Structures are given as C-alpha cells and as structure tokens.
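Just below is one structure, and these are the notes that go with it.
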Amino acid sequence: MSDYLVKGMAGEFIRFTGVSSRQTVEEARKRHNLSRLATAALGRALTATIILASDLKNPGDLLTLRIFGDGPLGGIVCSAGNDGMVRGYLFNPEVELPLNDANKLDVGRGVGKGHLYVTKDLGLKEPYTGTVQLVSGEIAEDVAYYLYYSEQRPNVFNLGVLVNPDGSVAQAGGYLIEILPGAPEEIISTLEQNLGEQQSLTYQLQQGKHIEEIIQEVVNPYKTEIYVKKPVGFLCRCSREKLLPHLIGLYSEVKDEEIVEAVCHFCREKYTFSGKEIKEYKEKNT
Numbered sequence: 002m003s004d005y006l007v008k009g010m011a012g013e014f015i016r017f018t019g020v021s022s023r024q025t026v027e028e029a030r031k032r033h034n035l036s037r038l039a040t041a042a043l044g045r046a047l048t049a050t051i052i053l054a055s056d057l058k059n060p061g062d063l064l065t066l067r068i069f070g071d072g073p074l075g076g077i078v079c080s081a082g083n084d085g086m087v088r089g090y091l092f093n094p095e096v097e098l099p100l101n102d103a104n105k106l107d108v109g110r111g112v113g114k115g116h117l118y119v120t121k122d123l124g125l126k127e128p129y130t131g132t133v134q135l136v137s138g139e140i141a142e143d144v145a146y147y148l149y150y151s152e153q154r155p156n157v158f159n160l161g162v163l164v165n166p167d168g169s170v171a172q173a174g175g176y177l178i179e180i181l182p183g184a185p186e187e188i189i190s191t192l193e194q195n196l197g198e199q200q201s202l203t204y205q206l207q208q209g210k211h212i213e214e215i216i217q218e219v220v221n222p223y224k225t226e227i228y229v230k231k232p233v234g235f236l237c238r239c240s241r242e243k244l245l246p247h248l249i250g251l252y253s254e255v256k257d258e259e260i261v262e263a264v265c266h267f268c269r270e271k272y273t274f275s276g277k278e279i280k281e282y283k284e285k286n287t
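2 is the number of the first residue of the sequence shown in the numbering used here; add one for each residue after it.
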C-alpha cells in the first residue's frame, strides 16, 4: 500500500491525524545515503512534518520543522505543504551510535540537547516561528511539547521508524491525537489507560495493522470517523531555475567555459551550469 494520511474525529472531543510513511522514509534514506540512526531520526521528522503541515489551509502555505541539537547528527530540516508532499535532510547522514539501553537506535543521543523550531509561511509579510527547547531529542516528545506549550494543544504524539539490519526501512508512521477544549476528564483517563496497554507503534505496524486501526485502539470506546484520506510522499520542489540565483556569487570567479555543479540539500538532486549561464543571469537580474 502506498503511503497515506488520515484525519478525523472520535466522538466530540478527540481529533486525530495519522500517517503511514514507510515508502517516504525509504526514499529519503536512499537519496541521502543515510545510516540506520540517521534514517530513524530523519524518518520521524519527515512524518511529524507531514502531520503538522496537514493543518495548513491554503495550497501555497508551507511548514518547516527544524531541529538543532548538539548531538552528532547535527541539525534536521524538513518542509511540507498541505498536499502531503514532504522533503528533508540532516546535517550528518553517516553518523552511527551504539544502541540505547532499550536496545533501540539512540535517536535522543544522536540529536542531543537544543531547540525545535516550527515555521509557518502563510503568505503574509513575515512567516511565524514558534520554538521550544528539546525535551528528549526523540522527536515525538519534542513535537508534543511544542504543540502543548507553543500552541496550547493538549495531545498525544507518537512516531516510529523500524530499520532493517541492511539499513532499509521496514515500517514508518505516526499519529497525533488531540484533546479538544471542554473534554470530560474521563476521556483523558481513558486515553491514558489505552496508551499504557499499547505495544510500540512500529511493532503494531510490523504486525500488519493500519495506522487508523492503531488510532482506533488508542481512542476506544469512541468510534473514529475519517473525513480526509490522501496520499503522501517525498517530493522536492527544486529546479535549475530555483538554484541558479544562488550561484551569482560566483560571477567574478567562474570562467565562461567552466562547469559548476549544484546539489539540492533537500533531495541531493544535481544540476550543472556553465560559467557563461551564471554570468548572463547575473547581468540580466542585477
């Protein structure tokens, strides 16, 4: 099954968004030649970005998630619109670390301490950016903390990426469950009890459960109603035309016959330009 997103309600006070993202994360892994640890970290961030961006209202709106920690992975940058298409990269894609005490990939140590930034470009004069300190570096907890303290949205945020021994992506997904204002206390206690009985997200995905089935188990006995279901994937909006303006700084250094190669950070796509092409662009646009 192709990757997809679902949005819906469970009763009057529970809103949810779920994403199945294995193919999306695998595409990122191959493009960036990621280590197993980097695959887990970037995969979680890509999935979180799709979920957050799904609340954008207009086709031209853009949400960017940036995680800057002092761990060896360095920064993580992802961006998406409300069409479900996401792109992203991290600074040090080859980093690998020993497994943590739970015998899992140590994303928290890889990310380290630092800050998380969410920028929403809604076509206004200035984009809006919210920021919080990283809670754990595990990404799901950090995004949940951001939503609660920066946007006052009580929530459960869960992300998972299961990486095969050969480095390929076995499973990936995530969900956001929000408690709306006015919710009775019993709803919160029910969700807490259900969550305590859940197996890990990646284990459930590996068992063949769909993301909406997992969400249903978390919100039981409230019945889920899905009102949006759409495909998601890895897609970069780069092009030769968009990259060329970034090369005009080479105007005085490059010769007409020289070939300059530019690589997109987000997708590793390579573009070549002649020195003459760069000079002509500079002269026409400055």
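Cβ coordinates follow ideal geometry from the N, Cα and C atoms, glycine included. Every value quoted in this text rests on a predicted model; they were computed, and no experiment measured them.
Report task. Within 10 angstroms of the Cβ of residue 172, are there 16 or more other Cβ atoms? Answer buried if so, exposed if not. Result -> Counting from one through the sequence shown, the residue named residue 172 turns up at place 171. Buried, since its Cβ has 16 or more Cβ neighbours within 10 Å.
Report task. Within the stretch 160-196, note down every full alpha helix (DSSP H) run reaching 4 residues or more, in order along the chain. Result -> none
Query - residue 82 versus residue 207: straight-line alpha-carbon distance, rounded - result: Here residue 82 refers to the residue found at position 81 of the sequence shown. Here residue 207 refers to the residue found at position 206 of the sequence shown. Computed Cα separation, rounded: 28 Å.
Requested in this report: Give the single residue among 140, 222, 112, 117 whose Cα lies nearest to the Cα of residue 130.
Outcome: As a first step, residue 130 must be located in the sequence shown, where it is residue number 129. Closest by alpha carbon: 117.
Query - Cα-Cα separation, residue 248 to residue 240 - result: Looking up residue 248 in the sequence shown gives position 247. Looking up residue 240 in the sequence shown gives position 239. Each residue's Cα considered, the two are about 13 Å apart.
Report task. Alpha carbon to alpha carbon, how far is residue 177 from residue 143? Give it in angstroms, no decimals. Result -> Counted from its first residue, the sequence shown places residue 143 at position 142. Counted from its first residue, the sequence shown places residue 177 at position 176. Residue 143 and residue 177: Cα-Cα distance of roughly 13 Å.
Report task. Give the single residue among 162, 258, 278, 265 whose Cα lies nearest to the Cα of residue 48. Result -> As a first step, residue 48 is located in the sequence shown; it is residue number 47 there, counting from the start. Cα-wise, what sits closest to residue 48 is 162.
Query raised in the report: Exposed or buried, which one is residue 28 when buried takes at least 16 other CB atoms within 10 Å?
Result: By 1-based counting over the sequence shown, the position of residue 28 is 27. Buried is the call here.
**Report entry** Euclidean distance between Cα positions of residue 66 and residue 43
**Finding:** Along the sequence shown, read from residue 1 onward, the residue named residue 66 stands at position 65. Along the sequence shown, read from residue 1 onward, the residue named residue 43 stands at position 42. Spanning the two alpha carbons is a distance of roughly 11 Å.
Query raised in the report: When DSSP labels each residue in this structure, what does residue 122 get in the three-state scheme?
Result: Sequence index remark: in the sequence shown, residue 122 carries index 121 (1-based). It is a strand residue.
Query raised in the report: Using 8 Å as the threshold, is the stretch 105-114 in touch with the stretch 67-78, meaning 3 or more CB pairs across them?
Result: yes
Query raised in the report: In terms of residue numbering, what span does the beta strand (DSSP E) encompassing residue 203 cover?
Result: On the sequence shown, position 202 is the one that residue 203 refers to. It is not in any beta strand (DSSP E) - residue 203 instead sits in the alpha helix (DSSP H) that spans 202-207.
Query raised in the report: How long is the line joining the alpha carbons of residue 242 and residue 13, rounded to whole angstroms?
Result: Counting from 1 along the sequence shown, the entry for residue 242 is found at position 241. Counting from 1 along the sequence shown, the entry for residue 13 is found at position 12. Computed Cα separation, rounded: 48 Å.
Query raised in the report: How should residue 217 be labelled, buried or exposed, when 16 other C-beta atoms within 10 angstroms of its C-beta is the threshold for buried?
Result: Here residue 217 refers to the residue found at position 216 when the sequence shown is read from its first residue. So residue 217 counts as buried.
Query raised in the report: Are the beta-carbon atoms belonging to residue 9 and residue 223 less than 8 Å from one another?
Result: One-based indexing of the sequence shown puts residue 9 at position 8. One-based indexing of the sequence shown puts residue 223 at position 222. Not in contact: residue 9 and residue 223 (Cβ atoms no closer than 8 Å).
Query raised in the report: What number of angstroms, rounded off, separates the C-alpha of residue 200 from the C-alpha of residue 78?
Result: The sequence position of residue 200 within the sequence shown is 199, counting from 1. The sequence position of residue 78 within the sequence shown is 77, counting from 1. Cα to Cα, the separation comes out at about 29 Å.
Requested in this report: Output the distance between the C-alpha atoms of residue 287 and residue 275, rounded to the nearest integer angstrom.
Outcome: Position 286 of the sequence shown, counted from the first residue, corresponds to residue 287. Position 274 of the sequence shown, counted from the first residue, corresponds to residue 275. Residue 287 and residue 275: Cα-Cα distance of roughly 19 Å.
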